[in-house]
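Participant: Handing you a structure now.
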Amino acid sequence: MTGQKKITWITGASSGIGKAIATEFVKNGVHVIGTARRVDLLKELQKELNGSSGTFEYYELDVTKVDSVDKFYKHISQNYFVECLINNAGITSFKQAVENSFEEIRDIIEVNLLGSIYVTQKVLPQMIENKSGAIINILSAVTQKVFTASSAYSASKNGLHAYAKVLREELRDKNVRVINISPGATVTEIWPTKVISKHSDKMMKTEDIAKVVYQVYSGNSNLVAEEIVLRPVTGDL
Ligand SMILES: NC(=O)c1ccc[n+]([C@@H]2O[C@H](COP(=O)([O-])OP(=O)(O)OC[C@H]3O[C@@H](n4cnc5c(N)ncnc54)[C@H](OP(=O)(O)O)[C@@H]3O)[C@@H](O)[C@H]2O)c1
Numbered sequence: 012m013t014g015q016k017k018i019t020w021i022t023g024a025s026s027g028i029g030k031a032i033a034t035e036f037v038k039n040g041v042h043v044i045g046t047a048r049r050v051d052l053l054k055e056l057q058k059e060l061n062g063s064s065g066t067f068e069y070y071e072l073d074v075t076k077v078d079s080v081d082k083f084y085k086h087i088s089q090n091y092f093v094e095c096l097i098n099n100a101g102i103t104s105f106k107q108a109v110e111n112s113f114e115e116i117r118d119i120i121e122v123n124l125l126g127s128i129y130v131t132q133k134v135l136p137q138m139i140e141n142k143s144g145a146i147i148n149i150l151s152a153v154t155q156k157v158f159t160a161s162s163a164y165s166a167s168k169n170g171l172h173a174y175a176k177v178l179r180e181e182l183r184d185k186n187v188r189v190i191n192i193s194p195g196a197t198v199t200e201i202w203p204t205k206v207i208s209k210h211s212d213k214m215m216k217t218e219d220i221a222k223v224v225y226q227v228y229s230g231n232s233n234l235v236a237e238e239i240v241l242r243p244v245t246g247d248l
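The number in my numbering is simply the position in the sequence shown, starting from 1, with 11 added.
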């Protein structure tokens, strides 16, 4: 790790919760690499964050494309040590199980579950070697409660939850923190516009989620907040 700059890698940094986390981290002096497919939005974010105490670099990356993930990681690990990975990229469909096409189900599992696991596998060896690091998974309230019209999404997030709990035990003596954050309804473009128009005043704000993520990341002791559930005070939608 000698000479390598420490960075935080955030997947799905182009909008919503990922963008807010990138902003919060960079404003607090963290060096962030944000990845997503919509590179125009990442470029805009870089402009917005110009002049902050941290830095924001971006790369176009689809987490379902394993060759691209390999290439990307090989490239960045020449100069950087990913000391924090935030698995945030995610999609859903809000359809009843019977209405989902198999392609939709496969896409959800590929992005939310397999994409996150693949990205995690890339960063693990260096974290283990350096005996330091944090893997933060943005899960969902579906890890706490059953929501209809979310079967594939629930499978993907609960699958990642199970994976992360095992990983945490395997990494205990490696000083790598595994932190699962399960937010409830938050105003982002993942929701249909009619839901936002009706419920936005009840829903959480991305900036507030980002502040919690930064707080758990930046804790500097032998304590780790392992599982965090964030809900609107008034409850689920
Ligand atoms: N909003 C909520 O109420 C809520 C609640 C609980 C959990 N979450 C979770 O929060 C995370 C962020 O979602 P959000 O609500 O902020 O929605 P969002 O604004 O739609 O953000 C989703 C992000 O994921 C990225 N993404 C999607 N497919 C990708 C792929 N194949 N490869 C790389 N990046 C991809 C998108 O970037 P590109 O399209 O540019 O690739 C975007 O940056 C998700 O994991 C979601 O499940 C959201």
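Where a beta carbon is used, it is the ideal one built from N, C-alpha and C, also for glycine.
Does Phe83 come out as helix, strand or coil in the three-state DSSP assignment?
Facilitator: helix
Participant: Given Val130, which residues of its chain have a CB within under 7 Å of its CB, disregarding the five upstream and five downstream residues?
Facilitator: Thr22, Val74, Val80, Leu96, Asn98
Participant: Within the same chain, show all residues whose beta-carbon is closer than 6 Å to that of Ala108, passing over the 5 residues directly before and after it, in chain order.
Facilitator: Ser162
Participant: Can you tell me whether DSSP reads Phe36 as helix, strand or coil?
Facilitator: helix
Participant: Tell me where the beta strand (DSSP E) around Lys17 begins and ends.
Facilitator: It spans 16-22 - the beta strand (DSSP E) in which Lys17 sits, taken as one unbroken run.
Participant: Alpha carbon to alpha carbon, how far is His42 from Thr19?
Facilitator: 6 Å
Participant: Kindly indicate the opening and closing residues of the beta strand (DSSP E) around Arg188.
Facilitator: Start and end: 187-194.
Participant: In whole angstroms, what separates the C-alpha of Gln137 from that of Val93?
Facilitator: 8 Å
Participant: Do Thr199 and Ile87 have their C-beta atoms closer together than 9 Å?
Facilitator: no
Participant: Mark Phe113 as exposed unless 16 or more other C-beta atoms lie within 10 angstroms of its C-beta, in which case mark it buried.
Facilitator: exposed
Participant: Beta carbon of Ala166, beta carbon of Ile119: below 9 Å?
Facilitator: yes
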